[in-house]
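See structure below.
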Amino acid sequence: MNTDNNDFYDDDLSRSLISNDFDDDTPRRRKKSKKPLVICLIILIIAAAAGATAWYLNARHKPVEATEKFLTGMQNMDFTTMENLLQSHDLSALDNADIRDSAYTDFFTTINKKMTYKITKNKFDIQNGTAKVTVHLKYIDGTNIYAATIQEYTRKVAVAAYAGREMTQDDIQEMLASLLAENASTADEKYSDIDITYPLIKIGNNWKIVSLDDTTVKVMCANFKNVKDEISSQLNDESTDSSSDASADSQTASDADSTQTGGSSIDITTDKFSVRFKQFAVSNDYGGNPCLMIYYDYTNSGDSQSSAFVDFTLQASQNGESLEGTYPEANDTAVDNYMTTIDPGKTVTVCQVFLLKDTTSDVTLQGKETLNVSGGQTTSQVLKLQ
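Per UniProt numbering, the sequence shown starts with residue 1, numbered consecutively.
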């Protein structure tokens, strides 16, 4: 046994001696490098920075997302979505413009679905939880649609009145809604561009547009302030007292028909129609009262059917007081022609009749374009009854 043990120890001693013999000649092991640790640290820093950047960009995009949802709600007439994205939750301005009136739903749906938008700027304040998102909108400008609607509406109301048929408010609203929807689908599309900046605020985890602005309402109603108010405004303009703008000049002239005029003439020419004064006569109306009959030629120069009633507004005043319209005691085709619709290029003689205050005082006439958004031409003429 001892021999075995000695052999064991001798082997260990031999290995130890062999190891010592080679210590001087064998290179020492180098210390482990710290580079992997540094690289890992750099990677962690980069990852943290990337994560922070991604978080910031995501946070910055949140108000943009809210604005896009709001604009999509506009396009789809989704009032619930719009309301939920407003801090004020107030959409009452849309009601003032009749946008949420069920009678006009088809019209405004047709208009707004054609609106397009593009986010152009995002001023983001992460500390205060606010943002200002600027949007470029392209939307339908309904000026020509409303002009066509008012023209057709005026004609239909006049025909109904002339036929002795009374129209209720529901009848009028239904007619307007139908005409608007029809004209929106057939009229040439005219677009306008506008930039709107929406202020947003962060409430909890959600971003809200502070309030519904007037410009957004204008876009949604296609530059139309209010359906019923606009119609009333147009009709009131037609019945405005002409004495305030009438010309005070007077000259004397006569022709074979004993027509006497002073100053300029009510003659007018536009790209849609022309009017040429012919003569006047003093007669009696259906009640036996003295009346003034004004004759002129009306030519339809447009590209669709129209009438003098639709295109041309003639007002008369005497001694500063507006004269009311009336009907003559005898039938006259020219009187009927006032509301007769004629084809493009055609001409008819029209007669308009006014109830006189007296049969001696001068009468001032004023003519103007009926449906011109910018005002259009205005002409005047003084008639000397004696």
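Every residue gets a Cβ at the ideal spot worked out from N, C-alpha and C, and that includes glycine.
Just to check my reading of the structure: residue i and residue j have Cβ atoms closer than 8 Å, yes? What is that Cβ distance to the nearest angstrom?
i: residue 397; j: I203; result: This structure cannot speak to residue 397, because the chain is shown only from 1 to 386.
i: T379; j: S264; result: 6 Å
i: S301; j: M293; result: About 25 Å separates the two Cβ atoms, so there is no contact after all.
Do the CB positions of residue i and residue j come within less than 7 Å of each other?
i: I266; j: Q381; result: yes
i: K69; j: L85; result: yes
i: A308; j: L365; result: no
i: N223; j: A187; result: no
i: D95; j: A181; result: no
i: V350; j: Y286; result: no
i: C291; j: T326; result: yes
i: N112; j: M220; result: yes
i: V135; j: I196; result: yes
i: A103; j: Q173; result: yes
i: T313; j: K368; result: yes
i: L383; j: F354; result: no
i: Y191; j: K138; result: yes
i: A184; j: T81; result: no
i: F108; j: I99; result: yes
i: N319; j: S361; result: yes
i: L71; j: Y146; result: no
Ignore the nearest five residues each way along the sequence and tell me which others in residue i's own chain have a CB closer than 7 Å to its CB.
i: S244; result: Note that S244 scores a pLDDT of 38, beneath 50, so its modelled location is shaky and nothing firm can be said.
i: A334; result: Y295, T349, V350 and C351
i: D90; result: S211 and L212
i: K156; result: M175
i: A246; result: Residue placement at A246 cannot be trusted, given a pLDDT of 36 that sits under 50; what the coordinates show is reported in the next sentence. Excluding residues within five positions, the ones whose Cβ falls inside 7 Å are S317, T364, Q366 and S380.
i: L179; result: T149, E152 and Y153
i: T359; result: V282, P290 and L385
Kindly list the residues whose CB is nearer than 8 Å to the CB of residue i, restricted to its own chain and excluding five residues on each side of it in sequence; keep chain order.
i: S304; result: P344
i: C40; result: none
i: D255; result: Because the pLDDT at D255 is just 36, under 50, the model does not fix this residue reliably, and the point stays unresolved.
i: D271; result: S301 and G302
i: L338; result: Here residue 338 is Tyr; the residue named in the question, Leu, does not match the sequence. S307, A308, F309, V350, C351 and Q352, listed in sequence order.
i: F79; result: G73, L91, L94 and R100
Let me check understanding here. Comparing Cα to Cα, which of the options lies closest to residue i?
i: R276; options: T360, T347 and K114; result: T347
i: L385; options: L356, E369 and E174; result: L356
i: F273; options: V310, T216, A147 and S92; result: V310
i: A97; options: P36, D214 and H89; result: D214
i: G288; options: D125, P328, E321 and D271; result: P328
i: residue 432; options: T130, T340 and I342; result: In the structure as shown, the chain starts at 1 and stops at 386, and residue 432 therefore has no counterpart that could be examined.
i: M175; options: Y153, L91, E166 and E189; result: Y153
i: E189; options: Y338, D170, A148 and F79; result: A148
i: V363; options: E321, N337 and M339; result: E321
i: L73; options: I209, N337 and I46; result: The amino acid at residue 73 is misidentified as Leu; the sequence shows Gly. Checked all of I209, N337 and I46; the closest Cα to G73 is I209.
Among the residues of its own chain, which have a CB less than 6 Å from the CB of residue i, if the five just before and after it don't count?
i: K114; result: I140
i: W207; result: K62, P63, A66 and L200
i: A93; result: L212 and V217
i: D193; result: K138
i: R60; result: F124
i: K132; result: K123, T197 and P199
i: R165; result: none
i: K121; result: T134
i: A177; result: A103 and Y104
i: T341; result: Q305 and S307
- Which residue spans inside the UniProt domain "DUF5067" (252-368) form an unbroken beta strand (DSSP E) run of at least 3? 273-284, 290-300, 312-318 and 347-355
- Query: Which whole runs of the alpha helix (DSSP H) in the region 135-202 are 4 residues long or more, in chain order?
  - Reply: 143-162 and 169-186
- Query: Curious, which full-length beta strand (DSSP E) runs of at least 3 residues does the region 63-146 contain?
  - Reply: 116-125 and 130-140
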